[in-house]
Ligand SMILES: Nc1ncnc2c1ncn2[C@@H]1O[C@H](COP(=O)(O)OP(=O)(O)OP(=O)(O)O)[C@@H](O)[C@H]1O
Ligand SMILES: [Mg+2]
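Numbering (my numbering), first residue to last: 5 to 368.
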């Protein structure tokens, strides 16, 4: 089922008892299509959990509407909404076996024993815990406990699955493994999901679309590729991945090309990228992994190239990171592959550049 938030706002009175209140969610409108996995991504305190809790019905919005499957559920209690939530703390019952934890909701609904066994068996198979059905939670690893929580959430066949940072208690390796499993299971079941995280890699790996939140508002909504390649502002560009920001001036347009002056160099970009934007000032977003270093400076018309000097060099095997000084002031972050492009040393004079096609202008 689809989920729709329409102009949802939620304020909290500040806990210190001051008159002022915190706007946790500020006029948020968003549609999650049936079967879609959408992630709310943003820094601590930007309103992700509050938005999720409003969908679940644990918080009431001050204004705005929540619509699930075409029905206005704004005034409906949580247990009538047919959503299920998976938390960071697994919230599984310590005194029940794995099987009984997953069976819990089905027993409340008084399903026949045979049906319970069939459903729980299928869920445990899905999350890879068939062998552990008789164990108690204290005999499970963190990742296995999180699988129990997931199985328990989906066994009741909710219309909407809500996740609040479910993997943040797991170590890095397990987190990566679990995020692809969550994605596999979500896609397999085709279940509409809203996932909250402040981990950008997790959001990129999991989502059909990402919603970037900042101070209660939506900063951008788009596919992982949209968000990464064409961030709408500096906040998004900095929050997702790393970015160089190069000041630029629009000096002219001809045909399909816009001509920019960047640190004394002329570069041409697709005119559509600056069309319709008031361009009193332009910053170019250049991702560090699109920048390359050369020892020689032979011209290449597709590249914007500058003379630079390596100021910091960090070799990490599969990649090397550099800070390269350009123009005496600007430091460019560079991430390159030593296998492909070699290794450069501190204080080395280099030619540094990036394909003109990859720059993304922010106009303000
Ligand atoms: N029950 C509450 N009472 C008062 N203020 C609250 C309450 N719940 C949340 N807030 C405030 O609302 C804002 C948003 O909180 P929220 O928990 O939604 O953030 P979040 O994006 O989930 O952050 P995190 O990544 O740290 O979990 C914060 O400023 C928070 O302090
Ligand atoms: Mg939160």
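Built from N, CA and C at the ideal position, the CB exists for glycine as well. Just so we're clear, the structure is a prediction, and the values are computed from it rather than from any experiment.
Three-state class that DSSP yields for residue 53 in the structure shown: helix
Name the DSSP beta bridge partners of residue 26, please? 16
For residue 311, does the three-state DSSP call read helix, strand or coil? strand
Tell me where the beta strand (DSSP E) around residue 336 begins and ends. 334 to 340
Taking buried to mean at least 16 other C-beta atoms within 10 Å of its own C-beta, is residue 217 buried or exposed? buried
For ligand 1, is there a heavy atom less than 7 angstroms away from the beta-carbon of residue 61? no
DSSP three-state label for residue 1, please. There is simply no residue 1 to check, as the chain begins at 5 and stops at 368 in what is shown.
What's the gap between the Cα of residue 272 and the Cα of residue 355? 19 angstroms
Flag residue 239 as yes when its Cβ comes closer than 7 angstroms to any non-hydrogen atom of ligand 1, and as no otherwise. no
Would a check of beta-carbon distances place residue 59 closer than 8 angstroms to chain C? Annotation note: the requested chain C is absent from the structure, which comprises a single protein chain.
8 angstroms Cβ cutoff met for residue 252 and residue 236: no
State the DSSP-derived secondary structure class of residue 216, mapped to helix, strand or coil. strand
Less than 8 angstroms separating the beta-carbons of residue 275 and residue 308? no
Would residue 168 and residue 131 be called neighbours here (beta carbons separated by less than 8 angstroms)? no
Can you tell me which residues fall inside 7 angstroms of ligand 2, judged by beta-carbon distance to its nearest heavy atom, and keep chain order? 52, 53, 168, 169, 200
C-alpha gap between residue 250 and residue 314, whole angstroms: 18 angstroms
Consider the C-beta atom of residue 48 and the heavy atoms of ligand 1; say whether any pair is separated by less than 7 angstroms. yes
Please report how far the alpha carbon of residue 362 lies from the alpha carbon of residue 328, in whole angstroms. 19 angstroms
With C-beta atoms as the reference, is residue 158 less than 8 angstroms away from residue 166? no
Since residue 197 is in the beta strand (DSSP E), which residue starts that stretch and which ends it? 196 to 201
Can you list, in chain order, the residues of its chain whose CB lies under 7 angstroms from that of residue 127, leaving out five sequence neighbours each side? 106, 155, 158, 159
Any heavy atom of ligand 1 inside 7 angstroms of the beta-carbon of residue 339? no
Mind checking which residues open and close the beta strand (DSSP E) that includes residue 42? 41 to 45
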